[in-house]
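Colleague: If you're matching them up, the sequences are chains R and H in order.
Residue numbering for the first sequence follows UniProt numbering, starting at 1 and increasing by one per position.
Residue numbering for the second sequence follows UniProt numbering, starting at 1 and increasing by one per position.
Just so it is clear, CB atoms sit at the ideal spot from N, CA and C, and this is done for glycine as well.
There are 2 protein chains.
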Amino acid sequence: MTSDKTASTPSPDFRFSRSSAHAPGAPVLAIVGDGQLARMMQQAAIELGLSARVLAGRPDASAAQVAADVVLGDYRNRDHVDEVAKGADAVTFDHEHVPNEYLDELIGWGVNVQPQPTALIHAQDKLVMRKKLREIGAPVPPFLAIESVADVQGFYDATNGAVCVKSRRGGYDGKGVWFPQSRQEAAELVERLLAEGVELLAEKKVDLVRELSAMVTRSPSGEVASWPVVESVQRDGICVEAVAPAPARGGDVIDAAEQLARTIVADLGVTGVLAVELFETVDEFGQPEIIVNELAMRPHNTGHWTQDGCVTSQFEQHVRAVLDRPLGDTRMTAPCTVMANVLGGSADPEMPMHERMDEVWRRFPGAKIHMYGKDWRPGRKIGHVNMSLPLGTSATAEAVAKLRSDAQLAATFLVGAIWSDGWRGE
Amino acid sequence: MTSDKTASTPSPDFRFSRSSAHAPGAPVLAIVGDGQLARMMQQAAIELGLSARVLAGRPDASAAQVAADVVLGDYRNRDHVDEVAKGADAVTFDHEHVPNEYLDELIGWGVNVQPQPTALIHAQDKLVMRKKLREIGAPVPPFLAIESVADVQGFYDATNGAVCVKSRRGGYDGKGVWFPQSRQEAAELVERLLAEGVELLAEKKVDLVRELSAMVTRSPSGEVASWPVVESVQRDGICVEAVAPAPARGGDVIDAAEQLARTIVADLGVTGVLAVELFETVDEFGQPEIIVNELAMRPHNTGHWTQDGCVTSQFEQHVRAVLDRPLGDTRMTAPCTVMANVLGGSADPEMPMHERMDEVWRRFPGAKIHMYGKDWRPGRKIGHVNMSLPLGTSATAEAVAKLRSDAQLAATFLVGAIWSDGWRGE
Chain R
1 MTSDKTASTP
11 SPDFRFSRSS
21 AHAPGAPVLA
31 IVGDGQLARM
41 MQQAAIELGL
51 SARVLAGRPD
61 ASAAQVAADV
71 VLGDYRNRDH
81 VDEVAKGADA
91 VTFDHEHVPN
101 EYLDELIGWG
111 VNVQPQPTAL
121 IHAQDKLVMR
131 KKLREIGAPV
141 PPFLAIESVA
151 DVQGFYDATN
161 GAVCVKSRRG
171 GYDGKGVWFP
181 QSRQEAAELV
191 ERLLAEGVEL
201 LAEKKVDLVR
211 ELSAMVTRSP
221 SGEVASWPVV
231 ESVQRDGICV
241 EAVAPAPARG
251 GDVIDAAEQL
261 ARTIVADLGV
271 TGVLAVELFE
281 TVDEFGQPEI
291 IVNELAMRPH
301 NTGHWTQDGC
311 VTSQFEQHVR
321 AVLDRPLGDT
331 RMTAPCTVMA
341 NVLGGSADPE
351 MPMHERMDEV
361 WRRFPGAKIH
371 MYGKDWRPGR
381 KIGHVNMSLP
391 LGTSATAEAV
401 AKLRSDAQLA
411 ATFLVGAIWS
421 DGWRGE
Chain H
1 MTSDKTASTP
11 SPDFRFSRSS
21 AHAPGAPVLA
31 IVGDGQLARM
41 MQQAAIELGL
51 SARVLAGRPD
61 ASAAQVAADV
71 VLGDYRNRDH
81 VDEVAKGADA
91 VTFDHEHVPN
101 EYLDELIGWG
111 VNVQPQPTAL
121 IHAQDKLVMR
131 KKLREIGAPV
141 PPFLAIESVA
151 DVQGFYDATN
161 GAVCVKSRRG
171 GYDGKGVWFP
181 QSRQEAAELV
191 ERLLAEGVEL
201 LAEKKVDLVR
211 ELSAMVTRSP
221 SGEVASWPVV
231 ESVQRDGICV
241 EAVAPAPARG
251 GDVIDAAEQL
261 ARTIVADLGV
271 TGVLAVELFE
281 TVDEFGQPEI
291 IVNELAMRPH
301 NTGHWTQDGC
311 VTSQFEQHVR
321 AVLDRPLGDT
331 RMTAPCTVMA
341 NVLGGSADPE
351 MPMHERMDEV
361 WRRFPGAKIH
371 MYGKDWRPGR
381 KIGHVNMSLP
391 LGTSATAEAV
401 AKLRSDAQLA
411 ATFLVGAIWS
421 DGWRGE
């Protein structure tokens, strides 16, 4: 999320806007952010007779490509944030990194910012989040603010070395998370990071059974709607797959996860979409339990399946919620939907992406491919594939396993132009 | 479809374009037309990593609001059509009114126009369409080119007065169609219209049981995919409702209709989406039969239900087809989906449209409301509502009747801000 422009004086090309981009009388939604989440919010807004205004770092950014009203600027520049907010009925985000002091100022001027900084802080600062969750009784791992080497050594001893060190701010997709392998390594890591000015906390590592994601939406008026909980699969800290609904494994953790998300969204005063990323683990009595891993206050990768598997997608729901409009039906429209991420590979194949898409469609005519208009870079999220079991079929373990395999084959082909099962056509 | 600009020399604001509107390496799709069909094609294109370039008559036109690459101009102006086509991988349309001689010129220069004028002529000229359909054995009503008053008098006598007079070109939504009530009225009508230079044909009026619509897509490579046939309801010549799938009534006309659409799309060389509007009637032996009413070569009002009731919507399918990419799965995702049109009423209610939408959502959280960003005008198509039976339910006659009633209630509220059943909330 870098920008060509950080000067506080807008240049003549500061705004690619057309006042005519917004239907007369319709609410104007401003989105700070230019990535795929903003792009897909615009796609959802179009359906509702709206078009989003986006603050984009580059004219060719994912969301800027598909919007008529673009403010070209930097979310860390107060003037640029002001400019995108001007006259908007609501201001929302596709990331959590806008300085809260800007947002407080906007709110002071009467701008409708959703979610508000008082909620956003819990998605920005993991220590604040952990403390608040503990306060409201949500399950969290043992954790400690790390302000010295002694802190981490003490925590290391207390957890028998099961330590995860995290940056309080700015980490995502596996960045800002460290797993020291020894007491010595923990001490050196913390010494170095503190010296660099990184604020830290430590958490007890969890013995993971699997990861779940509970997504929920709340409007400023207090209406709450939750989606079925999904199972998510992470690789190197990045989401690669989501399965909806999360397959039952015994115990009632799935219902508990959905309830927990509904509690958190209300107790933290979140508006718009909230993703509660969870670890499913096993307690000392061998019973399944859930622990909150992370919170995200915006549409989330583990909710992309809703575009093709639910009555109301997370993007439509977020747009509706931040404008304080009634929320939509969150029921599934398929017995099972699997989302597989398309992450840039170590090299970009010679076959152009649109030909790769065509190959996938030829093999899987039901594959819903969503591309973000983004250039390839290794590991970069450039698209995702949703695949669903057809109407009238049953989500048996075999059918779900086949669907997951098909979605992975499709995503893998989009990345590397190779069928990982050796398929050579019918 | 009027324009502020018809001069052949482009003014400086001729193009609101950004080259950065298109993802690097992705195909560029140019759409001639700025209405809701182009708008919803853009919505579908976003999913595929694309963004459309549109030729719009006004900067605030429905599709121009939501596109970054807009050529402001007139589809009847050769320079403007050239400009939107420049460098595009395919040129397509949201209406059939671009002069074919422009399109032939573009094709001569190597531009990829889909559908091509050789197919489009059948959606432009009802006499050409009738003759071609008769030639390929498709069921058409008795018809005659009307070039004199004597012609219509003879046709009137031959059909015992069951005469419908039609303009060969330019009619849609009930315009360009007349039902003279007497031999004298038929003669006077034709005399007047011929004097005005309107080219005419006459058709035998059909005793209608109901209307059906069979929609199909064909790519330039020859791949064909059809959706389930729907029942459509017209009022004053304008589509107000579509029910998918068309309820069975005995006889095999529904299968026949789907087959017929597949034959027509191939025999006429249509590319992209084709809508075959059909009359279901009863033959002389009391058996149901179908007769072709009209053809449209683009996404069609009777296909809007596919956005929320099918794996692949007509907009996505059209975009894929005209770019000669593999077609998507056309299976339904709900037991039944009903589309109800939102047509501007005789007056616009005081309650703003977004509040009307909110009221509808409060009563029907599963209502999928699609608005076009268009100002109100009496009778104008400004949006539509899709409602589906939930997963796991059955499309019984009662359930379908209730769904149709709910969709009509929703659409009627969006028009007039009144619940036509007197509902006052729970």
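Excluding five sequence neighbours on each side, which residues of the same chain lie with their C-beta closer than 8 Å to the C-beta of residue 183 of chain R?
Modeller: Position 183 of the first sequence, counted from the start, is the residue given in the question as residue 183 of chain R. Around residue 183 of chain R: 153, 156, 157, 161.
Colleague: State whether the segment 270-277 of chain R contacts the segment 347-355 of chain H, with contact taken as three or more CB pairs (one from each stretch) at a distance under 8 Å.
Modeller: Counting Cβ pairs under 8 Å, fewer than three are found: no touch.
Colleague: Excluding the five sequence neighbours on either side, which residues of its own chain have a C-beta within less than 7 Å of the C-beta of residue 395 of chain H, listed in chain order?
Modeller: On the second sequence, residue 395 of chain H is found 395 positions in, with the first residue counted as 1. For residue 395 of chain H, where only same-chain residues beyond five positions count, the Cβ hits under 7 Å are 335, 336, 389.
Colleague: For residue 332 of chain R and chain H, any beta-carbon pair shorter than 8 Å?
Modeller: For the purposes of this step, residue 332 of chain R is identified with residue 332 of the first sequence, where counting begins at 1. Judged by the 8 Å Cβ criterion, residue 332 of chain R is in contact with chain H.
Colleague: Regarding residue 343 of chain H and the ligand MG, is the C-beta to nearest heavy atom distance less than 7 Å?
Modeller: As for the ligand MG, it is missing from this structure, which has no ligand bound.
Colleague: Contact check, residue 52 of chain R vs residue 38 of chain R under 8 Å by CB: the rounded distance?
Modeller: In the first sequence, residue 52 of chain R corresponds to position 52, counting from 1. In the first sequence, residue 38 of chain R corresponds to position 38, counting from 1. About 7 Å separates the two Cβ atoms, so the contact holds.
Colleague: Please determine, among H:35, H:30, H:23, the residue with the shortest C-alpha to C-alpha distance to residue 383 of chain H.
Modeller: In the second sequence, the residue the question calls residue 383 of chain H occupies position 383. Of the listed residues, the one whose Cα sits closest to residue 383 of chain H is H:35.
Colleague: Using a beta-carbon distance below 8 Å, is residue 60 of chain R in contact with chain H?
Modeller: Taking the first residue of the first sequence as position 1, residue 60 of chain R is located at position 60. Yes, because at least one Cβ of chain H sits closer than 8 Å to the Cβ of residue 60 of chain R.
Colleague: Give the interface partners of residue 232 of chain R over in chain H, defined as CB-CB distance under 8 Å, in chain order.
Modeller: Within the first sequence, residue 232 of chain R is the residue found at index 232, counting from 1. Within chain H, no residue comes near residue 232 of chain R; the closest Cβ sits about 22 Å away, beyond 8 Å.
Colleague: Using DSSP bridges, identify the partner residues of residue 444 of chain R.
Modeller: Since the first residue shown for chain R is 1 and the last is 426, residue 444 of chain R is missing from the structure and cannot be characterised.
Colleague: Give a yes or no on whether 8 Å exceeds the smallest Cβ distance from residue 488 of chain R to chain H.
Modeller: Only positions 1 to 426 of chain R appear in this structure, which leaves residue 488 of chain R out of reach.
Colleague: Give the residues of chain R in contact with residue 427 of chain H, contact being defined as C-beta atoms less than 9 Å apart.
Modeller: The shown model of chain H, from 1 to 426, leaves out residue 427 of chain H, and the question about it has no answer.
Colleague: Here's the rule: buried if 16 or more other CB atoms are within 10 angstroms of the residue's CB, otherwise exposed. What is residue 74 of chain H?
Modeller: If you number the second sequence from 1, residue 74 of chain H lands on position 74. Buried is the call here.
Colleague: Specify the secondary structure class of residue 264 of chain R as computed by DSSP and reduced to three states.
Modeller: As a working mapping, residue 264 of chain R is identified with position 264 in the first sequence. Helix, per DSSP.
Colleague: Name the residue from H:338, H:49, H:81 whose alpha carbon lies nearest to the alpha carbon of residue 33 of chain H.
Modeller: The residue labelled residue 33 of chain H in the question sits at position 33 within the second sequence. Comparing Cα positions, the closest option is H:81.
Colleague: Helix, strand or coil for residue 67 of chain H, going by three-state DSSP, please let me know.
Modeller: As a first step, residue 67 of chain H must be located in the second sequence, where it is residue number 67. If DSSP states are grouped into helix, strand and coil, residue 67 of chain H belongs with coil.
Colleague: Which residues bound the alpha helix (DSSP H) around residue 117 of chain R?
Modeller: Locating residue 117 of chain R in the first sequence gives position 117, counting from the first residue. That run of the alpha helix (DSSP H) goes 117-124.
Colleague: List, in chain order, every chain H residue whose beta-carbon is nearer than 8 Å to that of residue 67 of chain R.
Modeller: Residue mapping note: residue 67 of chain R aligns to position 67 of the first sequence, counting from 1. Here the neighbours are 66, 68.
Colleague: Measure the CB-CB distance between residue 91 of chain H and residue 30 of chain H and report whether it falls below 8 Å.
Modeller: As a working note, residue 91 of chain H is residue 91 in the second sequence. As a working note, residue 30 of chain H is residue 30 in the second sequence. Yes, the pair counts as a contact, with Cβ atoms nearer than the cut-off.
Colleague: For the alpha helix (DSSP H) holding residue 101 of chain R, just list the boundary residues, first then last.
Modeller: The residue you call residue 101 of chain R lines up with position 101 of the first sequence. First-last of the alpha helix (DSSP H) with residue 101 of chain R: 100-108.
Colleague: Would residue 43 of chain H pass as an interface residue toward chain R - the criterion being a Cβ-Cβ separation below 8 Å?
Modeller: As a first step, residue 43 of chain H is located in the second sequence; it is residue number 43 there, counting from the start. Yes - at least one Cβ of chain R is within 8 Å of the one on residue 43 of chain H.
Colleague: Below 8 Å, how does it come out for the segment 207-224 of chain H and the segment 292-302 of chain H: are there three or more Cβ pairs, yes or no?
Modeller: Result yes; three or more Cβ-Cβ pairs closer than 8 Å.
Colleague: Specify, as a first and last residue, the run of the alpha helix (DSSP H) that residue 191 of chain H falls within.
Modeller: Position 191 of the second sequence holds residue 191 of chain H. Note, residue 191 of chain H: alpha helix (DSSP H), 183-195.
Colleague: So what's residue 339 of chain R in DSSP terms, helix, strand or just coil?
Modeller: Taking the first sequence and counting its residues from 1, one reaches residue 339 of chain R at position 339. Correct three-state label for residue 339 of chain R: strand.
Colleague: Out of H:54, H:281, H:219, H:259, which one is the CA nearest neighbour of residue 66 of chain R?
Modeller: Residue 66 of chain R sits at position 66 when you count from the first residue of the first sequence. Ranking H:54, H:281, H:219, H:259 by Cα distance to residue 66 of chain R puts H:54 first.
Colleague: Is it buried or exposed, residue 285 of chain H, if we count other Cβ atoms within 10 angstroms and call 16 or more buried?
Modeller: Along the second sequence, one-based indexing puts residue 285 of chain H at 285. Exposed.
Colleague: Rounding to the nearest angstrom, what Cα-Cα distance links residue 88 of chain H and residue 392 of chain R in this structure?
Modeller: For the purposes of this step, residue 88 of chain H is taken as residue 88 along the second sequence, with counting starting at 1. For the purposes of this step, residue 392 of chain R is taken as residue 392 along the first sequence, with counting starting at 1. If you take the alpha carbons of residue 88 of chain H and residue 392 of chain R, they lie about 41 Å apart.
Colleague: Could you tell me if residue 423 of chain R is buried or exposed, where buried requires 16 or more neighbouring beta carbons within 10 angstroms of its beta carbon?
Modeller: As a position in the first sequence, residue 423 of chain R is number 423, starting the count at 1. The residue in question, residue 423 of chain R, is exposed, as its Cβ has fewer than 16 Cβ neighbours within 10 Å.
Colleague: Quick check: residue 168 of chain R and residue 201 of chain R, are their CB atoms within less than 8 Å of each other?
Modeller: Here residue 168 of chain R refers to the residue found at position 168 when the first sequence is read from its first residue. Here residue 201 of chain R refers to the residue found at position 201 when the first sequence is read from its first residue. Cβ distance < 8 Å, so residue 168 of chain R and residue 201 of chain R count as in contact.
Colleague: Compute the Euclidean distance between the alpha carbons of residue 8 of chain H and residue 58 of chain H, then round it to the nearest angstrom.
Modeller: Position 8 of the second sequence, counted from the first residue, corresponds to residue 8 of chain H. Position 58 of the second sequence, counted from the first residue, corresponds to residue 58 of chain H. Low confidence applies here, because residue 8 of chain H scores a pLDDT of 42, under 50, leaving its location unreliable and the question unanswered by this model.
Colleague: Check whether the segment 256-268 of chain R touches the segment 189-205 of chain R, counting contact only when three or more Cβ pairs, one atom from each stretch, lie closer than 8 Å.
Modeller: Flag = no, the segment 256-268 of chain R and the segment 189-205 of chain R do not touch.
Colleague: In chain H, which residues lie with their C-beta within 7 Å of the C-beta of residue 375 of chain R?
Modeller: Against the first sequence, residue 375 of chain R aligns to sequence position 375. Within 7 Å Cβ-Cβ: 24.
Colleague: Look up residue 167 of chain H in the DSSP assignment and say whether it is helix, strand or coil.
Modeller: Counting from 1 along the second sequence, the entry for residue 167 of chain H is found at position 167. Note: residue 167 of chain H maps to strand in three-state DSSP.
Colleague: State the DSSP-derived secondary structure class of residue 149 of chain H, mapped to helix, strand or coil.
Modeller: Here residue 149 of chain H corresponds to residue number 149 of the second sequence, with the count starting at 1. If DSSP states are grouped into helix, strand and coil, residue 149 of chain H belongs with the helices.
Colleague: Any C-beta of chain H sitting closer than 8 Å to the C-beta of residue 49 of chain R?
Modeller: Indexing the first sequence from 1 puts residue 49 of chain R at position 49. Closer than 8 Å to some Cβ of chain H, the Cβ of residue 49 of chain R qualifies, so yes.
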